[in-house]
Amino acid sequence: MRIPVLSVKGGIGKSTISVLLAKELALRGEKVIILDRDQLGFISSLVGIESKGMIASVVDGESCECHTHIKMGKGQVHIIKFYGDGPRLESDLNIIKSDEKLTRELTESYTLMLKSIEHSYMILDNPALSLPNEIGNMLETTSYLSLYPGTRSLRVMVSDITTHHFENTLKYIEALNLGSREIPLANVVGQFLVINMAPPGWNYRVELPNLVTEVKRGKFLGAYILPFSDDLFQFSGQIDDMPRIKQVEILANHVLKDITTKDVIE
Ligand SMILES: Nc1ncnc2c1ncn2[C@@H]1O[C@H](COP(=O)(O)OP(=O)(O)OP(=O)(O)O)[C@@H](O)[C@H]1O
Ligand SMILES: [Mg+2]
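Numbered according to the working numbering, the sequence shown spans residues 14 to 279.
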């Protein structure tokens, strides 16, 4: 299963939630890949990947040391640095797009790496407003799906507590649905919602009534309200030491149960 973590704006907790979820799945015995598509390679730097990401390595004609793994409980978390080299991303993607040889090389390197990593889940940590039909996403997704056709995709949408952000998240889902239609074999089964950094005492029933309506309508397979955590804020330690968050534990159980239940807010 692929789990893209997505949001309308930056700095809302996608990378943090990607790690927390990967960790919970690994602690339940799963082998998980995190595909790091953060512009700054936040997770890759936490786990000590110093080389360029795969995109920049292909453009520069270098081999890439952009993978590492960490054992957690009975499981494993593999990290692949795919993006992560800062402002050069857009020009790198344009170079790859206009050069068939580089496109082929990227596809080959990525496919080779995937073949070497046994896994049951891939969590994709994205930049803000990432769209499925962007060239980097398109190449990644089509390579993955040619290797593992039929893989399902379950989105994790991250929003803050404001109505404005939540409403834009709903619009973003429509754009994602449109983009996914352009990808052969894309098999998106739905989305979870995470409202991140809720302050103490924040009550979604009062402050964000639309959330209840949308969950009841079946827009989300589940919604999770993550509290603001002093221990998570600007976390810069080892990912093993990242604190566990109850709602992400529940989300991980939900993912593992092959979720079909609707109307859940935790
Ligand atoms: N629940 C939380 N409580 C407190 N701090 C948090 C929480 N979630 C995330 N943070 C903090 O918020 C900041 C932004 O988080 P993160 O880097 O995960 O966001 P992002 O959406 O991946 O950002 P970008 O779009 O720039 O990649 C970090 O300093 C992180 O430690
Ligand atoms: Mg990030």
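Even glycine gets a Cβ: it sits at the ideal position worked out from N, Cα and C.
- Three or more beta-carbon pairs drawn from the segment 251-261 and the segment 30-40 are found closer than 8 Å, and the two stretches are therefore classed as touching.
- Relative to Asn266, the option among Gly26, Val21, Leu38 whose CA is nearest is Leu38.
- Thr164 and Val201 have their alpha carbons spaced roughly 9 Å apart.
- About 28 Å separates the beta carbons of Ala199 and Leu239, which is beyond the 8 Å limit, so they are not a contact pair.
- In this structure, Asp51 has its beta carbon less than 8 Å from a heavy atom of ligand 2.
- Around the beta carbon of Leu160, fewer than 16 other beta carbons lie within 10 angstroms, which makes this residue exposed.
- For Phe248, the Cβ stays outside the 8 Å cut-off from all heavy atoms of ligand 2.
- If you draw a 10 Å sphere on the C-beta of Asp98, you find 16 or more other C-beta atoms in it, and that means buried.
- Between the segment 101-113 and the segment 70-88, the count of Cβ pairs shorter than 8 Å is three or higher; the stretches touch.
- Scanning Phe55, His82, Ile186, Tyr96 for the CA closest to the CA of Met67 turns up Tyr96.
- Between Tyr134 and Glu43, the C-beta gap is smaller than 9 Å, which places the two residues in contact.
- Taken through DSSP and simplified to helix, strand or coil, Val60 comes out as coil.
- Put simply, the segment 47-58 touches the segment 82-96. At least three CB pairs are less than 8 Å apart.
- Contact annotation: Leu152 and Tyr123 have beta-carbon atoms nearer than 9 Å.
- Unbroken beta strand (DSSP E) stretches of 3 residues or longer found wholly inside the segment 105-170: 134-138, given in chain order.
- With respect to the 9 Å criterion, Asn146 and Gly203 are not classified as neighbours on the basis of their beta carbons.
- In chain order, Leu19, Thr182, Gln204, Leu206 place their CB closer than 6 Å to the CB of Met170, counting only its own chain and leaving out the 5 sequence neighbours on each side.
- The straight-line gap separating the alpha-carbon atoms of Thr120 and Leu53 is approximately 22 Å.
- One thing to note: Arg41 has its Cβ no nearer than 9 Å to the Cβ of Leu167.
- When secondary structure is reduced to three states using DSSP, Tyr217 falls in the helix class.
- Secondary structure at Leu269: helix, using DSSP grouped into helix, strand and coil.
- For Gly231, the CB stays at least 8 Å from every heavy atom of ligand 2.
- Counting only runs that start and end inside the segment 180-211, the beta strand (DSSP E) elements of at least 3 residues fall at 201-211.
- The Cβ neighbour count for Leu221, taken over all protein chains shown within 10 Å, is at least 16; the residue is labelled buried.
- The beta-carbon separation of Cys77 and Lys87, rounded to 29 Å, does not stay under the 8 Å limit for a contact.
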